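Visitor: Have a look at the structure that comes next, please.
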Amino acid sequence: MQCGKRKFYGFVALITLVTFFFVASVSFDIGEQIVENIRIQNVAVGKLTRTQALQELKQQIRKPVLKLSYKNKNYYITPEDIAYEYDYQASIEQVYQVGRIPQENIYQRYVDIYYTRQYGRSYQLVCTYDKELLHTKIQEIIREIQIQPQDAKLIGSPQQHNLQVEQIGVLVEAYGLYYQILEALHKGQDCEIRIETLNFLPGRYAQDLVKFKKMLGRQSFSSDEADLALVDCLDGIVWKKNTSISWQQQLNRIEKSTNYSSPKGNSQLMLEGFYQLSQQLQLFSERISLDEAGKLIVQKGNLDLIIRNNSNQDIYISCYKERNKIYLEFWGEN
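So the mapping is simple: the working numbering equals the position in the sequence shown, first residue as 1, plus 15.
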């Protein structure tokens, strides 16, 4: 009797299992269609074949245009600017595999289909674009906005009262801008992005220069091209009281951006003129190097001219070319 019952229950279990697999095979048979309740870029592609999904995406999806705004001006990045394209085939193939892998685990595939039908899935279209073109386009926009800070400066001799006022710099917060643009491109959505900037203050304002109205001394000598880099280097220096100027450091500043080397020719005259003006004002010589003839020497290494402004006021150094002469002037407060 017990044996008969076991056979009966076993038979029922077998029928149930067979029925389950039959129902499952029918219910979860997706044929050549994509599993229902799947969207790509918010377009429903579930229950469509790959060919139908491709047609649907091409009809409904358009490429994104990015609008970048700064103050009252707008800039645009279009798909054509950066060779932006959608890889429809790769996107469709990705969703087509739902419920089909892993092939060796039918139970896992059924579970995948069930949860997709119940809760849905959303995918982004796979996109490609030219990174170099994008970088170039963004840099073009940044260059239009970005402004380098400019210190106030006296043009030529202070006695000409030609004052160039300072300018506040504008720096684009480029990292955040790049991140927002890339995010929008990967989502494939039109997007408006506000360009964020930072202000960079100048190091010197016009009010810092108007006080220099009294000429303390002047040297002049004939000019040549070799002097021009040194003229630019010296001009506009505000020599703070109780600070030192190293002639060699001034030369090092030039070498970083030009092929200018050691002082020679009329540049030597400028060196000597600088020293003479310092002597006239009785400024303290911290270091001075002379050759056997008593001529000033400045070389790389330990040969330098270092003068300290030990006066009771700041000194403005004006160095400029006018006609065929170079003028080196020291100015103080009136």
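Yeah, the Cβ is synthetic: ideal placement off N, Cα and C, and Gly gets one too.
Only a predicted model underlies this, so the values are computations on that prediction, with no experimental measurement involved.
Given a cut-off of 9 Å, decide if residue 89 and residue 82 are closer than it, judged by their beta-carbon atoms.
Guide: Result yes, Cβ atoms of residue 82 and residue 89 sit closer than 9 Å.
Visitor: Can the beta-carbon of residue 60 be found less than 9 Å from the beta-carbon of residue 127?
Guide: Their beta carbons are not under 9 Å apart, which means residue 60 does not touch residue 127 by this criterion.
Visitor: Looking only at its own chain, which residues have a Cβ that is under 7 Å from the Cβ of residue 187, when we skip the five neighbours before and after it?
Guide: If we look at residue 187 and ignore the five residues flanking it on each side, its Cβ neighbours are 157, 160, 161, 210 and 212.
Visitor: What ranges does the alpha helix (DSSP H) occupy inside the segment 123–166, keeping only unbroken runs of at least 4 residues that lie completely in it?
Guide: As far as the segment 123–166 is concerned, its whole alpha helix (DSSP H) runs of at least 4 residues are 146–160.
Visitor: Would you kindly work out how many angstroms separate the C-alpha atoms of residue 149 and residue 118, rounded to a whole number?
Guide: Rounded to whole angstroms, residue 149 to residue 118 spans 41 Å at the Cα level.
Visitor: Curious, which full-length alpha helix (DSSP H) runs of at least 4 residues does the segment 166–222 contain?
Guide: Counting whole runs of 4 or more residues, the segment 166–222 contains the alpha helix (DSSP H) stretches 189–202.
Visitor: What residue range is occupied by the uninterrupted alpha helix (DSSP H) comprising residue 73?
Guide: Note, residue 73: alpha helix (DSSP H), 65–75.
Visitor: Give me, in chain order, the residues of the same chain whose beta-carbon lies closer than 6 Å to that of residue 232; leave out the 5 immediate sequence neighbours on both sides.
Guide: Hits under 6 Å: 292, 295 and 345.
Visitor: May I have a chain-ordered list of the beta strand (DSSP E) segments no shorter than 3 residues that lie completely inside the segment 286–336?
Guide: Fully enclosed beta strand (DSSP E) runs of 3 or longer: 299–302 and 321–323.
Visitor: Within this structure, are the beta carbons of residue 245 and residue 265 separated by less than 9 Å?
Guide: Yes, the pair counts as a contact, with Cβ atoms nearer than the cut-off.
Visitor: Where residue 143 and residue 129 are concerned, what is the direct C-alpha to C-alpha distance, given to the nearest angstrom?
Guide: In a straight line, the C-alpha of residue 143 is about 32 Å away from that of residue 129.
Visitor: Considering only their Cβ atoms, is the gap separating residue 205 from residue 335 smaller than 9 Å?
Guide: No. Outside cutoff.
Visitor: By DSSP, does residue 260 sit in helix, in strand, or in coil?
Guide: Note: residue 260 maps to strand in three-state DSSP.
Visitor: So, do the segment 253–269 and the segment 304–324 have three or more beta carbon pairs nearer to each other than 8 Å?
Guide: With the cut-off at 8 Å, the segment 253–269 and the segment 304–324 touch.
Visitor: Going by C-alpha to C-alpha distance, which of 73, 168, 307 and 93 sits closest to residue 104?
Guide: The shortest Cα separation from residue 104 among 73, 168, 307 and 93 belongs to 73.
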